[in-house]
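Protein chains in written order, with the numbering used here: chain A, 1 to 247; chain B, 1001 to 1385. Below: the structure, in structure tokens.
This is the structure we're talking about:
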């Protein structure tokens, strides 16, 4: 254990992270094997000079692939200007909140289970369970949530400004079908990760998708947070996803 | 969120991106604007990463691979004489930008003051604003070669919770050398201010000047949080690997944020960074020589036009006063791009008052830099605006 004391810095930490000093155990878990051929694929692209920043919202082919996949499971298909690649779903949620202008003074109504409660707590964003009547700045809806019609109607009528739908690892999952996103408004901002694609555990990828006008606002925050997502990770995703579709 | 700070940062940053987009649609542009090294990542770095990934069967902890944190700790011990515990005092991030953003969230409460030299890297404004901080600019000037002066730190940063110091500087190229760092430290160690010392350009220091990490100055270790990374020193921008070094409670706080925000830095990227620390022939020396040559050509070019500039002590940028051409740097840069195909960034994208200054990067080969000045020479009269 590290000895924690009331150091100069410790006394000046922001209130939002006023967590008890702690040592987090190193969290490592078994990862799926690297898909055959992936290393050669990466080598080819790295040797071609793909070692620089990618396009800031992400490699266009990967954004297009994700945009099309959303359409395949019943959502609104997106072109490249409607998709941003992120480092996981958490980063996707954070930049979406900032891009939509939501902050510690905003109220988020949660429909279903919120996997990002700790992040929202740390950011001081207050949440309530969605009860179908209250006003809120935005509704966070888990894709597995039930009885979503009232929430969709509230957003459609302008009673609530934004709908954020967290897909988790639904995209490219074998459990997906053409109806998974049926009923989700085309004004919604979708978030998710690519963890269901075998072999991508090492690469930490997520995405934000939605109307281009909103995605453009969200992109300024993605850029401010981490400029762009790691290029080799994005290239690996293209290999793993396209390999999956042809296998 | 502090809207004014965010707005200023967004406006300045979007101006640079707008110019890059314009340049991307033109032919034969000599790009002296961006901060992405034109040099490719050395082959042994990514080959090393491929080899390590092949043998790996588990993911990375949020704090980063122990092997990489150990390697960074060894490097600080060997190169700077600074001892850090790799388990509790080092954390790997998705590039330096995420490191700064998370630091702001960990340190800044709404209404807190965050001081930074002016001109500044305005992409940090949004991070300050997102945490609710108020930006305080500390003026620097050509008379002092844009080096932060202790009396100005005392005057402007009084009461600031955090001072963000990028050394060598982006955008000016100014270097706070070892002697000046020690003098600054005397001022800072009596204050209540935490220093974030962004040392991402630390390996690019010219003329054999001595670079001293601020944390190595007397009394500064416990009040300095060091930010650095691999993007600039090894031309690895696409891999997105940065790191933070400092107080264990700060590292734990950043880790908590990072855990629920972005998780660990991608394993492949971390392996590339680890391979960089294991290079048989360290690329940093080779890159420094390349940038030194370009800097010489750039200074000769500016001298030939009689353009005043900040003498660059380090980093990959130069900061020049184009008032002999124009009182509007933004207009000048657009005309320069349109008429000559040379891309520079206007000074007002690094702070509102720099209306006659431009940032020029050293990220093109020497012959292309010389060509940029030839083109400017041919179009000089039409650049006056």
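Ideal Cβ placement from N, Cα and C applies to all residues, glycine included.
Exercise. Are three or more beta carbon pairs between the stretch 1222 to 1230 of chain B and the stretch 1305 to 1323 of chain B nearer than 8 angstroms?
Worked result: no
Exercise. Ordered along the chain, which non-local residues of its own chain (more than five positions away) have a Cβ less than 8 angstroms from that of residue 42 of chain A?
Worked result: In the first chain, counting from the first residue as 1, residue 42 of chain A sits at position 42. Around residue 42 of chain A: 232, 235, 236 and 239.
Exercise. What in chain A is Cβ-close to residue 1269 of chain B, meaning under 8 angstroms?
Worked result: Against the second chain, residue 1269 of chain B aligns to sequence position 269. By Cβ distance, chain A contributes 230, 232 and 233.
Exercise. When we look at the beta-carbon of residue 1217 of chain B and count the other beta-carbons within 10 Å, is it buried (16 or more) or exposed?
Worked result: In the second chain, the residue the question calls residue 1217 of chain B occupies position 217. Buried: at least 16 other Cβ atoms inside 10 Å.
For this session: Take residue 1089 of chain B as the anchor and find which of B:1169, B:1250 and B:1153 has the nearest alpha-carbon.
Result: Working through the second chain from its first residue, we reach residue 1089 of chain B at position 89. Nearest C-alpha to residue 1089 of chain B: B:1250.
For this session: For residue 1301 of chain B, collect the residues of the same chain with a Cβ closer than 6 angstroms to its Cβ; drop the 5 residues on either side in sequence, then sort them by chain order.
Result: Taking the first residue of the second chain as position 1, residue 1301 of chain B is located at position 301. The residues are 1373.
Problem set entry | At least three beta-carbon pairs within less than 8 angstroms, the stretch 1062 to 1074 of chain B to the stretch 1199 to 1210 of chain B | no
Problem set entry | Residues that residue 1126 of chain B contacts on chain A, provided the C-beta gap is smaller than 9 angstroms | By 1-based counting over the second chain, the position of residue 1126 of chain B is 126. Near residue 1126 of chain B (Cβ distances below 9 angstroms), the residues of chain A are 98, 220, 221, 223, 224 and 225.
For this session: Could you say which of B:1236, B:1146 and B:1182 lies nearest to residue 1309 of chain B if we only look at CA atoms?
Result: Locating residue 1309 of chain B in the second chain gives position 309, where the first residue counts as 1. Out of B:1236, B:1146 and B:1182, B:1146 has the C-alpha closest to the C-alpha of residue 1309 of chain B.
Exercise. Does the Cβ-Cβ distance between residue 1287 of chain B and residue 1171 of chain B come in under 9 angstroms?
Worked result: If you number the second chain from 1, residue 1287 of chain B lands on position 287. If you number the second chain from 1, residue 1171 of chain B lands on position 171. Contact flag unset, no.
Exercise. Taking contact to mean at least 3 C-beta pairs separated by less than 8 angstroms, is the stretch 1266 to 1284 of chain B in contact with the stretch 1158 to 1175 of chain B?
Worked result: no
Problem set entry | Within 7 angstroms of chain B by C-beta, residues of the stretch 179 to 211 of chain A in sequence order | 201, 202, 203 and 204
For this session: Check residue 1 of chain A in the structure and name its three-state DSSP category.
Result: Reading the first chain from its first residue, position 1 is the one you call residue 1 of chain A. The predicted position of residue 1 of chain A is uncertain, since its pLDDT is 40 and thus under 50; a value taken from the coordinates is nonetheless stated next. Three-state result, residue 1 of chain A: coil.
Exercise. Going along the chain, which unbroken runs of the beta strand (DSSP E) with 3 or more residues stay wholly within the stretch 23 to 110 of chain A?
Worked result: 83 to 86
Exercise. Mind checking whether residue 1041 of chain B and residue 1235 of chain B have CB atoms under 9 angstroms apart?
Worked result: Looking up residue 1041 of chain B in the second chain gives position 41. Looking up residue 1235 of chain B in the second chain gives position 235. Yes. Within cutoff.
Exercise. Smallest Cα separation from residue 1085 of chain B: which of B:1157, B:1067, B:1101 and B:1096?
Worked result: Counting from one through the second chain, the residue named residue 1085 of chain B turns up at place 85. Comparing Cα-Cα distances from residue 1085 of chain B to each of B:1157, B:1067, B:1101 and B:1096, the minimum goes to B:1067.
Problem set entry | Neighbouring residues, chain B, relative to residue 94 of chain A (Cβ below 7 angstroms) | Residue 94 of chain A sits at position 94 when you count from the first residue of the first chain. Under the 7 angstroms cutoff, chain B gives 1261.
For this session: Tell me whether residue 3 of chain A is buried or exposed, calling it buried when 16 or more other Cβ atoms sit within 10 Å of its Cβ.
Result: By one-based count along the first chain, residue 3 of chain A stands at place 3. The pLDDT assigned to residue 3 of chain A is 47, lower than 50, so where the model puts this residue is not dependable, and the model offers no usable value.
Exercise. Residues of chain A with a CB under 7 angstroms from the CB of residue 1107 of chain B: which are they?
Worked result: By 1-based counting over the second chain, the position of residue 1107 of chain B is 107. Result: 12, 13 and 14.
Problem set entry | Simplified DSSP state of residue 179 of chain A, which is helix, strand or coil | Counting from 1 along the first chain, the entry for residue 179 of chain A is found at position 179. Note: residue 179 of chain A maps to coil in three-state DSSP.
Exercise. Can you find a CB in chain B that lies within less than 9 angstroms of the CB of residue 60 of chain A?
Worked result: Here the question's residue 60 of chain A lines up with position 60 in the first chain. It does not: the Cβ of residue 60 of chain A has no partner Cβ on chain B nearer than 9 angstroms.
Exercise. When DSSP builds the beta bridges, which residues end up paired with residue 141 of chain A?
Worked result: Counting from one through the first chain, the residue named residue 141 of chain A turns up at place 141. Per DSSP, A:111 and A:165.
Exercise. Closest by CA to residue 1351 of chain B, which one among B:1080, B:1163, B:1126 and B:1120?
Worked result: The residue you call residue 1351 of chain B lines up with position 351 of the second chain. Cα-wise, what sits closest to residue 1351 of chain B is B:1120.
For this session: Taking only beta carbons into account, state which residues of the stretch 120 to 145 of chain A come closer than 7 angstroms to chain B, listed in chain order.
Result: 122
Exercise. Which residues bound the beta strand (DSSP E) around residue 1134 of chain B?
Worked result: Residue mapping note: residue 1134 of chain B aligns to position 134 of the second chain, counting from 1. Start and end: 1134 to 1139.
For this session: Please go through the same chain and pick out, in chain order, the residues whose beta-carbon is closer than 6 angstroms to the beta-carbon of residue 983 of chain B, but skip the five residues on each side of it.
Result: With chain B running from 1001 to 1385 in the structure shown, residue 983 of chain B is simply not present.
Exercise. Closest Cβ-Cβ distance between residue 108 of chain A and chain B: below 9 angstroms?
Worked result: Translated into positions along the first chain, residue 108 of chain A becomes position 108. Not closer than 9 angstroms to any Cβ of chain B, the Cβ of residue 108 of chain A fails to qualify, so no.
For this session: For residue 1110 of chain B, I'd like the list of residues in its chain whose CB is within less than 6 angstroms of its CB, leaving aside the five on either flank, ordered along the chain.
Result: Along the second chain, one-based indexing puts residue 1110 of chain B at 110. So the list reads 1132, once near-sequence residues are dropped.
Exercise. Since residue 1318 of chain B sits in a beta bridge, which residues does DSSP pair it with?
Worked result: Position 318 of the second chain holds residue 1318 of chain B. Paired residues: B:1360.
Problem set entry | CB contact check: residue 1292 of chain B to chain A, cutoff 9 angstroms | For the purposes of this step, residue 1292 of chain B is taken as the residue at position 292 of the second chain. Answer no: the Cβ-Cβ gap between residue 1292 of chain B and chain A never drops below 9 angstroms.
Exercise. Interface residues of chain B around residue 39 of chain A at Cβ under 9 angstroms?
Worked result: Position 39 of the first chain holds residue 39 of chain A. Those are 1050, 1051, 1053 and 1054, listed as they occur along chain B.
Exercise. Which class does residue 1250 of chain B belong to by DSSP, given the choice of helix, strand or coil?
Worked result: Walking along the second chain from the start, residue 1250 of chain B turns up at place 250. Here residue 1250 of chain B sits in helix by DSSP.
Exercise. For the alpha helix (DSSP H) that residue 1150 of chain B lies in, which residues bound it at each end?
Worked result: Start at 1 with the first residue of the second chain, and residue 1150 of chain B comes out as number 150. That run of the alpha helix (DSSP H) goes 1150 to 1156.
For this session: State the beta-bridge partners of residue 206 of chain A as determined by DSSP.
Result: Translated into the one-based positions of the first chain, residue 206 of chain A becomes position 206. Partner(s): A:86 and A:193.
Problem set entry | Secondary structure of residue 9 of chain A, DSSP reduced to three states | As a first step, residue 9 of chain A is located in the first chain; it is residue number 9 there, counting from the start. Note: residue 9 of chain A maps to coil in three-state DSSP.
Problem set entry | Any C-beta of chain B under 9 angstroms from that of residue 88 of chain A | Here residue 88 of chain A is taken as the residue at index 88 of the first chain, counted from 1. Closer than 9 angstroms to some Cβ of chain B, the Cβ of residue 88 of chain A qualifies, so yes.
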